[in-house]
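K.L.:
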Amino acid sequence: MTDQTITSVSREKRVFGPSAEFQRQANLGSMAAYKRLYRESVNSPEKFWDRQAKDLLVWRKPYTDVLKWKAPHAKWFGGGTLNVAENCIDRHLGTERENKAALIFEGEPGDVRTITYRQLYFEVSRLANVFTDLGVGKGDRVAIYMPMVPEAVFAMLACARVGAIHTVVFGGFSAESLKDRIIDCGAKLVITADGGWRRGKVFPLKPTVDEAVAKAKCVEHVLVHQRCGNEVPMRAKRDIWWHEATAEVANTHKAKAFTSEHPLFILYTSGSTGKPKGVLHTSAGYLLGSKLSSKYVFDLKENDRYFCTADIGWITGHSYVVYGLLSNGATVFMYEGAPNQPGPDRFWDMIDRHGVTIFYTAPTAIRAFMKWGDEHVKKHSLKSLRLLGSVGEPINPEAWMWYHKNIGKKKCPIVDTWWQTETGSIMITPLPGVTECKPGSATFPFFGVQPKVVDDLGHEVPLGSAGKLIIAQPWPSMLRTLWGDDKRFKETYFSDFPGIYFTGDGARRDEDGYFWIVGRIDDVLNISGHRLGTAEVESALVAHPKVAEAAAVGRPDDLKGQSLVVFVTVKSGIEVSDELKAELRNHVGKEIGAIAKPDEVRFAAALPKTRSGKIMRRILKQIAAGQLVKGDTTTLEDFSVVAALQAED
Ligand code: WTA
């Protein structure tokens, strides 16, 4: 967010409530009902969650405890067993949902497939049988590196079905990043595709997997889905074609039950230090959180067609493409490719053709649509839409208003949902039939969530003041630990305020109690809604033989929220040049992935440091943003370094 938008956020006074028509049909239609349920959910959490768990989940064996909390470790629904895939598929069979579309898929070239719940059962069963034949079962890790195609969803659900733990790695990550994740969790199986369609071309995935797996001894097999038909080298014994393997097995599968706390997936996300963290989510609590929030936040109805633009490589894709929606028996529309292929109206065209009713995307996408021009939107009616959502970063009021007018035609409520990979499900959000929204505010907490804005000592700050955002009580879909690193889990989330979850975000509440998320206050950047740690970028840069030191900072960007600027000092004797800038950008792309390529590389003779040698990022941020360096500079070791950097502007 730019300073300008922060100002406009704090001046934002407009309020938009749901229409009477929306309110009448909503799953929850009054503020009084929200308040009553919310109060119960935080005052008697065990009673509230017990009722939800019984209502919403199919259990094989009933649980005996709702919650055991010994900070920072939570155990939800102890003693109970269930199967997550059964909750997303089998429970709908034998009901009127059996022949309902679970997934409607449109590939970038325009190919369309509809998969009913019954077909989903067959597809997932086949794959589960293949897993069993390959010796992949309970507790084994499976890495999924796929385009946005239905097979990616089948793969996740098949893991859940056999009790294997999936780790989905976004297809834009490099071989190096994929290898690190595979090795960190010790994946035995990697599932991929020959490629995916992106901007009219095949984006090959298998060569990247080959490069990663060459250095990851733990991998026994690579299962390859044929999506594009591009040439793919297959290694005998190790590599298996999906269509060949699934053709030979039964299309039914009897699922075993697993305990509530059985690990469901690991999802790697950037932190403020070191390598990405493997956030671990478990079965029952995660499923309950994603299911309950989907039902109320998206006001799900039997006839909805729901379209979330997130890739399944991110938490939004996990909770709000797969688990939360399919467990509710919803119809999910899924699109493979770029939003502007063949033209900037691709989404609007698909929404009209498929009758999409609920649309969930990120502010960075909304700002891109604004930039591309209203005329692309006007070509389509969008009359099927009834609800809009936003996620991933603070939405600036200007983008909110544009979304409201141009996409929502002033009649669709907008849910601005705040949450994180770690929280598993939506935490602060409007409820569409209830909340009077203020553009730019995520408004109020969801059931069972107790957010507080506090100072460094953990005391709540007065309304209107900014502070750190913490969550006071455990909730069912919270992360349980970081894979293989419980110490880092405690240090990262539960040490600023012992025993209490710290989000890493700053926030404030206004005089009406609305929450306004300010953004990360640690060294994590939010670039186009994607999290990126400055430490990761810096360690990629210093791994380059010509680089001596590097510092990465975010610069406010109208389109991407933040853009990535890196300051680099080179080793002595190295000439700086534009070619070297390009080389360094590509180097970071190769180390981490295209999303991490710096927008700007700046060479410096030295970096501003404290007397104890710590790089002063605060100062670099100001320089990157073209501002005059303000604030306390007395701890700077040498001010001439700053003067030199500023002189370059
Ligand atoms: C930011 C994405 C403001 C926030 C689901 C958080 C938001 C980080 C919002 C998590 C929102 C997400 N308003 N900021 N509605 N949603 N964020 O783990 O800084 O990829 O900590 O999860 O995104 O990003 P993550």
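Quick note: the sequence shown uses this note's numbering, first residue 271, plus one each step.
Ideal Cβ placement from N, Cα and C applies to all residues, glycine included.
#1: Check the DSSP bridge columns for H343 and list the partner residues they point to.
#2: Provide the residue span of the beta strand (DSSP E) that contains Q832, from first to last.
#3: Pull the bridge partners of K879 from the DSSP assignment, please.
#4: Beta carbon of H800: closer than 8 Å to some heavy atom of the ligand WTA?
#5: State the DSSP-derived secondary structure class of Y576, mapped to helix, strand or coil.
#6: Return helix, strand or coil for L475, following the three-state DSSP convention.
#7: Return helix, strand or coil for L213, following the three-state DSSP convention.
#8: Decide yes or no for the touch test of the segment 833-843 against the segment 797-815: beta carbon pairs closer than 8 Å, at least 3 of them.
#9: Rounded to whole angstroms, what's the CA-CA distance from A422 to E378? Just pull it up for me.
#10: With 16 other CB atoms within 10 Å as the buried threshold, where does H551 fall?
#11: Taking a contact to mean a Cβ-Cβ separation below 9 Å, would you say S747 touches S695 in this structure?
#12: Considering only the alpha carbon of each residue, which of A527, F767, L448, E606 lies closest to G470?
#13: Just to confirm my understanding: we take I414, look at its own chain, exclude 5 residues before and 5 after, and list those with CB closer than 6 Å. What are they?
#14: Throw me the rounded Cβ distance for the C498 and L427 pair, which I believe falls under 8 Å.
#15: Checking the sheet assignment: what are the DSSP bridge partners for Y630?
#16: Just checking, does the segment 735-751 make contact with the segment 714-724 on the three C-beta pairs under 8 Å criterion?
#17: In whole angstroms, what separates the C-alpha of R451 from that of Y538?
#18: Using the Cα positions of L906 and R825, report the straight-line distance between them to the nearest angstrom.
#19: Between the alpha carbons of T522 and Y308, how many angstroms are there, rounded?
#20: Going by C-alpha to C-alpha distance, which of L595, I628, V626, I770 sits closest to W339?
#21: Three Cβ pairs or more, each shorter than 8 Å: is that satisfied between the segment 706-715 and the segment 776-788?
#22: Spatial neighbours of H624 within its chain, please: C-beta separation below 7 Å, excluding the five flanking residues on both sides.
#23: Is any non-hydrogen atom of the ligand WTA found closer than 8 Å to the C-beta of P709, if you look at the structure I gave you?
#24: Should S660 be listed as close to the ligand WTA, given that the test is whether its C-beta is under 8 Å from any heavy atom?
#25: Between the alpha carbons of G544 and K757, how many angstroms are there, rounded?
#26: Please report the residue range of the alpha helix (DSSP H) in which K317 lies.
#27: Please report the straight-line C-alpha distance between K760 and Y556, rounded to a whole angstrom.
#28: Near K891, what residues of its chain come up, given a Cβ to Cβ distance below 6 Å and the 5 sequence neighbours on each side ignored?
#29: Using the Cβ count rule (16 or more neighbours within 10 Å means buried), how would you classify S311?
#30: Which residue spans inside the segment 338-403 form an unbroken beta strand (DSSP E) run of at least 3?
#31: So the alpha helix (DSSP H) D848 belongs to, where does it begin and stop?
#32: Verify whether the separation of the beta carbon atoms of V394 and A341 is less than 9 Å.
#33: Is the beta carbon of K458 closer than 9 Å to that of V489?
#34: Cα-Cα, which of H800, E446, A632 is closest to G859?
#35: Does the beta-carbon distance from N676 to F639 come in below 9 Å?
#36: For R758, which of helix, strand or coil comes out of DSSP?
P.N.:
Once the coordinates are examined:
#1: Here residue 343 is taken as the residue at index 73 of the sequence shown, counted from 1. BP columns for H343 point to K340.
#2: Reading the sequence shown from its first residue, position 562 is the one you call residue 832. Segment 831-840, the beta strand (DSSP E) holding Q832.
#3: In the sequence shown, the residue the question calls residue 879 occupies position 609. DSSP lists I885 as partners of K879.
#4: Looking up residue 800 in the sequence shown gives position 530. Indeed, a heavy atom of the ligand WTA lies less than 8 Å from the Cβ.
#5: As a first step, residue 576 must be located in the sequence shown, where it is residue number 306. Residue state, collapsed to three classes: strand.
#6: Numbered from its first residue, the sequence shown carries residue 475 at position 205. L475: coil per DSSP, three-state reduction.
#7: Outside the shown range of the chain, which is 271 to 919, sits residue 213, and nothing can be said about it.
#8: yes
#9: Position 152 of the sequence shown holds residue 422. Position 108 of the sequence shown holds residue 378. Computed Cα separation, rounded: 16 Å.
#10: Here the question's residue 551 lines up with position 281 in the sequence shown. It is buried - the Cβ of H551 has at least 16 other Cβ atoms within 10 Å.
#11: Walking along the sequence shown from the start, residue 747 turns up at place 477. Walking along the sequence shown from the start, residue 695 turns up at place 425. The answer is yes: Cβ separation under 9 Å.
#12: In the sequence shown, counting from the first residue as 1, residue 470 sits at position 200. Nearest option by C-alpha distance: E606.
#13: Locating residue 414 in the sequence shown gives position 144, where the first residue counts as 1. Here the set comprises A425, H436, V438, I461.
#14: Position 228 of the sequence shown, counting from 1, holds the residue named residue 498. Position 157 of the sequence shown, counting from 1, holds the residue named residue 427. Not really, about 23 Å apart at Cβ, beyond 8 Å.
#15: Position 360 of the sequence shown holds residue 630. Note: Y630 sits in a beta bridge opposite C578, G659.
#16: yes
#17: Translated into positions along the sequence shown, residue 451 becomes position 181. Translated into positions along the sequence shown, residue 538 becomes position 268. Approximately 7 Å, taken between the alpha carbons.
#18: Residue numbering aside, residue 906 sits at position 636 when the sequence shown is read from its first letter. Residue numbering aside, residue 825 sits at position 555 when the sequence shown is read from its first letter. For L906 and R825, the distance between alpha carbons rounds to 21 Å.
#19: The residue you call residue 522 lines up with position 252 of the sequence shown. The residue you call residue 308 lines up with position 38 of the sequence shown. Cα to Cα, the separation comes out at about 41 Å.
#20: Looking up residue 339 in the sequence shown gives position 69. Of the listed residues, the one whose Cα sits closest to W339 is I770.
#21: yes
#22: In the sequence shown, the residue the question calls residue 624 occupies position 354. Cβ within range, chain order: I374, R575, F603.
#23: Position 439 of the sequence shown, counting from 1, holds the residue named residue 709. Not under cutoff, so the answer is no.
#24: Numbered from its first residue, the sequence shown carries residue 660 at position 390. True, at least one ligand heavy atom lies under 8 Å from that Cβ.
#25: By one-based count along the sequence shown, residue 544 stands at place 274. By one-based count along the sequence shown, residue 757 stands at place 487. C-alpha separation (whole angstroms): 14 Å.
#26: Residue numbering aside, residue 317 sits at position 47 when the sequence shown is read from its first letter. Looking at the DSSP string, the run of the alpha helix (DSSP H) that includes K317 is 315-326.
#27: Within the sequence shown, residue 760 is the residue found at index 490, counting from 1. Within the sequence shown, residue 556 is the residue found at index 286, counting from 1. Rounded to the nearest angstrom, the two C-alpha atoms are 20 Å apart.
#28: By one-based count along the sequence shown, residue 891 stands at place 621. Closer than 6 Å at the Cβ level, and outside the excluded window around K891, lie V823.
#29: As a working mapping, residue 311 is identified with position 41 in the sequence shown. Looking at its Cβ environment, which holds 16 or more other Cβ atoms inside 10 Å, S311 is buried.
#30: 343-346, 371-376, 382-386
#31: Residue numbering aside, residue 848 sits at position 578 when the sequence shown is read from its first letter. Note, D848: alpha helix (DSSP H), 848-861.
#32: Counting from one through the sequence shown, the residue named residue 394 turns up at place 124. Counting from one through the sequence shown, the residue named residue 341 turns up at place 71. No, the Cβ-Cβ distance between V394 and A341 is not below 9 Å.
#33: In the sequence shown, the residue the question calls residue 489 occupies position 219. In the sequence shown, the residue the question calls residue 458 occupies position 188. Going by C-beta atoms, V489 is nearer than 9 Å to K458.
#34: Taking the sequence shown and counting its residues from 1, the one referred to as residue 859 is at position 589. With distances taken between Cα atoms, G859 lies closest to E446.
#35: In the sequence shown, counting from the first residue as 1, residue 676 sits at position 406. In the sequence shown, counting from the first residue as 1, residue 639 sits at position 369. Going by C-beta atoms, N676 is nearer than 9 Å to F639.
#36: By one-based count along the sequence shown, residue 758 stands at place 488. Note: R758 maps to helix in three-state DSSP.
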